[in-house]
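Going letter by letter, the sequence shown gives residues 14 to 202 in our numbering.
Glycine residues also receive a C-beta, built at the ideal position from the N, C-alpha and C atoms.
Structure first, then comments.
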Amino acid sequence: MRILTTALTVTALSALAACGGANDTEAPADEATVLEGDDASIASALSAGPSDVTDGATILDAEGNVLREGTNGWTCIAETPGMGPMCNDAVWMEALGAMQSGGEFPTGKMGVSYMLAGEGDAPGVSNLDPAATEPTEDNMWIKDGPHLMLILPDPASYAGMSSDIADPVYVMWKDTPFAHVMVRLADAE
Numbered sequence: 014m015r016i017l018t019t020a021l022t023v024t025a026l027s028a029l030a031a032c033g034g035a036n037d038t039e040a041p042a043d044e045a046t047v048l049e050g051d052d053a054s055i056a057s058a059l060s061a062g063p064s065d066v067t068d069g070a071t072i073l074d075a076e077g078n079v080l081r082e083g084t085n086g087w088t089c090i091a092e093t094p095g096m097g098p099m100c101n102d103a104v105w106m107e108a109l110g111a112m113q114s115g116g117e118f119p120t121g122k123m124g125v126s127y128m129l130a131g132e133g134d135a136p137g138v139s140n141l142d143p144a145a146t147e148p149t150e151d152n153m154w155i156k157d158g159p160h161l162m163l164i165l166p167d168p169a170s171y172a173g174m175s176s177d178i179a180d181p182v183y184v185m186w187k188d189t190p191f192a193h194v195m196v197r198l199a200d201a202e
């Protein structure tokens with residue numbers, strides 16, 4: 014669950030695309046290639062949540078491009094190099110925006126995010142430091158399997174909860190503005 018890394022990656026890639034950062038001399042992709050890429054991104058995004066969420070969700074590719082407009086308030090994002098695919102409610106999308114801007118997670122609201130495909134090919138994440146990019150001896154690195162992530166309305170609610178990644182329910186990034194509950198549904202493969 015590399016939310017911070019993914020948020021920053023999506024922002025950087027979107028900015029690069031908007032500024033014409035791609036090589037202008039490169040031949041445009043043919044339609045079949047674009048469709049194959051979109052199909053793979055859509056399949057990746059849809060793997061993150063249950064069908065009652067994904068059926069009406071907005072679908073984003075790894076660069077943040079909208080591949081399908083949604084109708085139910087959920088947004089599913091394809092796997093990126095730093096994070097597995099995820100489906101987020103509006104509060105989690107607000108939280109990702111806050112992380113991009115250096116703000117804090119929203120309070121006073123319950124937020125739900127599904128990562129039913131786990132971390133995918135992403136390398137994992139520190140359970141202690143949202144800014145960590147690689148494991149160290151003391152940053153409690155984890156590569157989680159399928160899980161849910163919950164933002165609780167009152168940040169004080171995290172105080173008595175475990176941050177031990179061996180537990181099936183634990184707080185990630187406890188004592189940071191980005192604390193949230195992780196609910197493990199299955200072990201990582």
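Name, in chain order, the residues that DSSP records as bridge partners for residue i.
| i | result |
| --- | --- |
| residue 90 | 73 and 99 |
| residue 83 | Per DSSP, none; premise fails for residue 83. |
| residue 184 | 194 |
| residue 154 | 139 |
| residue 163 | 125 and 194 |
Quick one: what does DSSP say residue i is sitting in, helix, strand or coil?
| i | result |
| --- | --- |
| residue 110 | helix |
| residue 59 | helix |
| residue 139 | strand |
| residue 126 | strand |
| residue 202 | coil |
| residue 53 | helix |
| residue 148 | coil |
| residue 40 | With a pLDDT of only 34 at residue 40, under the threshold of 50, the placement of this residue in the model should not be trusted; the figure read from the coordinates follows. Here residue 40 sits in coil by DSSP. |
| residue 119 | coil |
| residue 64 | helix |
Using CA coordinates, which residue listed in the options is at the minimum distance from residue i?
| i | options | result |
| --- | --- | --- |
| residue 161 | 91, 184 and 125 | 125 |
| residue 53 | 77, 91, 109 and 158 | 91 |
| residue 56 | 192, 98 and 195 | 98 |
| residue 93 | 86, 105 and 78 | 78 |
Within 10 angstroms of its Cβ, does residue i collect 16 or more other Cβ (buried), or is it exposed?
| i | result |
| --- | --- |
| residue 184 | buried |
| residue 140 | buried |
| residue 82 | exposed |
| residue 199 | exposed |
Less than 8 Å between C-beta atoms, sequence neighbours within five positions excluded: which residues of the same chain meet that for residue i?
| i | result |
| --- | --- |
| residue 175 | 182, 183 and 184 |
| residue 201 | 131, 132, 156, 157 and 158 |
| residue 145 | 138, 139, 152 and 154 |
Which residues in the same chain have their Cβ closer than 7 Å to the Cβ of residue i, if we skip the five residues on either side of it in sequence?
| i | result |
| --- | --- |
| residue 5 | With the chain running from 14 to 202 in the structure shown, residue 5 is simply not present. |
| residue 187 | 171 and 176 |
Give me, in chain order, the residues of the same chain whose beta-carbon lies closer than 6 Å to that of residue i; leave out the 5 immediate sequence neighbours on both sides.
| i | result |
| --- | --- |
| residue 101 | 88 and 126 |
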